[in-house]
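Numbering (this note's numbering), first residue to last: 40 to 353. The next block holds one structure in the form of structure tokens; read it before the comments.
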Ligand code: NAP
Ligand code: 8YV
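Here it is in structure tokens:
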């Protein structure tokens, strides 16, 4: 008999096809926690997603749980500490999405600097014909870009930015052996930067790291790009800073309460909004899906996963 696997959130047809060769796949609709309470007793494997994580209480309701495979690199929605205590392996999908998410960050940075959302609306509303050329936007050449989180994706962003003639600086927990200037203090970096690109993990440690002081330091011409997690930026402070002109513009792929996006952000034409699609291309999701499935299948075959999270490495 195949072992039971719970799928939380959606997966591609390709993932489903491969998973059902090894597992009895359960894919409940609606309240997953309630489904687990009623049916979790025989679940040994879980496939989760960035937004659809696994809490300690959910783990307790799945006493046979062996592996949680996260279909994404960020695993802040999984209580990893609780998993480690229970001997549950947690895996994720690092590296295969670096290029795509870095492209999304660059796309958002340019969209904000060059008024893409404003100018698109300007044309569609017939204003080009009626009123003449749209207002001038800003060149990124010569600006200073501060990368918040210089890990796998942050480093890829910095490398890609090399062709734009910008100065690159970064903030992380520790200084790296890289050609870019390190700032141990985020507010100081925001003060020195014209653009901040946020790409740290989410979770308690980084919650509201980008707060009112950081946004004030970035300033009235400053651009904030967030492709990390909504929790890293204080969204209320961001809205206030944009409303009062203390921050120039923002370009956001992630939000504090996804999929809800505050109406104030939607109403502003100096804000570029994406529905958490940083890695969402067919090609990259295929690579992520293959890795997430491989981690589950290897564990079911008695082997070791390809990409355990750091807390679960030997
Ligand atoms: P990573 O390689 O682990 O890099 C994380 C970076 O953040 C590291 O440089 C780390 O600093 C820094 N960092 C962590 N905690 C910090 C703190 N408290 N203060 C300052 N810096 C801190 O991770 P990654 O693979 O690049 O992914 C980063 C995150 O991007 C993921 O966790 C996920 O949340 C997000 N993401 C979003 C999307 C999307 O669709 N928008 C897609 C993929 C990933 P040290 O190097 O000094 O430890
Ligand atoms: C996806 C992500 O939204 O990898 C991550 O951390 O946020 C994204 O790639 C998601 O995880 C896909 O399931």
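Ideal Cβ placement from N, Cα and C applies to all residues, glycine included.
Give the C-beta separation of residue i and residue j to the nearest angstrom, bearing in mind that I take them to be a contact with Cβ-Cβ under 8 Å.
i, j, result
"residue 42", "residue 339", "6 Å"
"residue 45", "residue 335", "Not confirmed; about 11 Å, so no contact."
"residue 147", "residue 266", "7 Å"
"residue 220", "residue 208", "5 Å"
"residue 288", "residue 309", "4 Å"
"residue 205", "residue 225", "Actually they do not touch by this definition, with Cβ atoms about 19 Å apart."
"residue 203", "residue 180", "7 Å"
"residue 81", "residue 100", "About 11 Å separates the two Cβ atoms, so there is no contact after all."
"residue 281", "residue 307", "6 Å"
"residue 55", "residue 83", "The Cβ separation is near 18 Å, so there is no contact."
Ordered along the chain, which non-local residues of its own chain (more than five positions away) have a Cβ less than 6 Å from that of residue i?
i, result
"residue 313", "292"
"residue 246", "270"
"residue 48", "88 and 91"
"residue 331", "108, 110 and 132"
"residue 150", "290 and 311"
"residue 61", "336 and 339"
"residue 318", "136, 139 and 140"
"residue 33", "Outside the shown range of the chain (40 to 353) lies residue 33, about which nothing can therefore be said."
"residue 159", "none"
"residue 25", "An answer regarding residue 25 cannot be provided, because it is not within the stretch 40 to 353 covered by the chain."
With distance defined between alpha-carbon atoms, name the residue in the options nearest to residue i.
i, options, result
"residue 217", "186, 251, 161 and 66", "186"
"residue 137", "323, 121 and 351", "323"
"residue 301", "279, 119 and 174", "279"
"residue 118", "227, 241 and 342", "241"
"residue 234", "222, 223, 264 and 249", "264"
"residue 352", "122, 100 and 181", "122"
"residue 124", "139, 106 and 141", "106"
"residue 152", "164, 63, 175 and 165", "175"
"residue 236", "84, 295, 127 and 261", "261"
"residue 344", "63, 199, 73 and 127", "127"
"residue 251", "58, 272, 57 and 75", "272"
"residue 371", "98, 184 and 350", "Because the chain here runs from 40 to 353, residue 371 falls outside it and cannot be looked at."
"residue 213", "189, 97 and 165", "189"
"residue 196", "239, 159 and 223", "239"
"residue 320", "142, 58 and 104", "142"
"residue 199", "159, 294 and 145", "145"
"residue 303", "253, 275 and 285", "275"
Taking the beta carbon of residue i as the centre, do at least 16 other beta carbons fall within 10 Å, making it buried, or is it exposed?
i, result
"residue 95", "exposed"
"residue 113", "buried"
"residue 283", "exposed"
"residue 305", "exposed"
"residue 316", "exposed"
"residue 243", "exposed"
"residue 157", "buried"
"residue 210", "buried"
"residue 40", "exposed"
"residue 116", "buried"
"residue 259", "exposed"
"residue 71", "buried"
"residue 328", "buried"
"residue 79", "buried"
"residue 350", "exposed"
"residue 249", "buried"
"residue 164", "exposed"
"residue 223", "exposed"
"residue 193", "buried"
On the DSSP bridge assignment, give the partners of residue i in chain order.
i, result
"residue 63", "43"
"residue 88", "110"
"residue 290", "264 and 311"
"residue 130", "108 and 347"
"residue 118", "Answer is none; residue 118 lacks a bridge partner."
"residue 209", "186 and 221"
"residue 296", "299"
"residue 234", "184 and 262"
"residue 249", "272"
"residue 82", "43"
"residue 93", "117"
Sorted by chain position, which residues of the same chain lie with C-beta nearer than 7 Å to residue i's C-beta, five sequence neighbours on each side aside?
i, result
"residue 346", "130, 131, 132, 133, 330 and 334"
"residue 297", "90, 269 and 315"
"residue 348", "114, 119, 129, 130 and 131"
"residue 170", "none"
"residue 74", "67"
"residue 232", "183, 184, 185, 208 and 257"
"residue 53", "325 and 328"
"residue 285", "254, 255 and 259"
Please return the same chain residues whose Cβ sits closer than 8 Å to the Cβ of residue i, not counting the five positions on each side in sequence.
i, result
"residue 167", "161 and 173"
"residue 342", "none"
"residue 63", "40, 41, 42, 43 and 44"
"residue 51", "324, 325 and 328"
"residue 98", "104, 118, 121, 122, 125 and 127"
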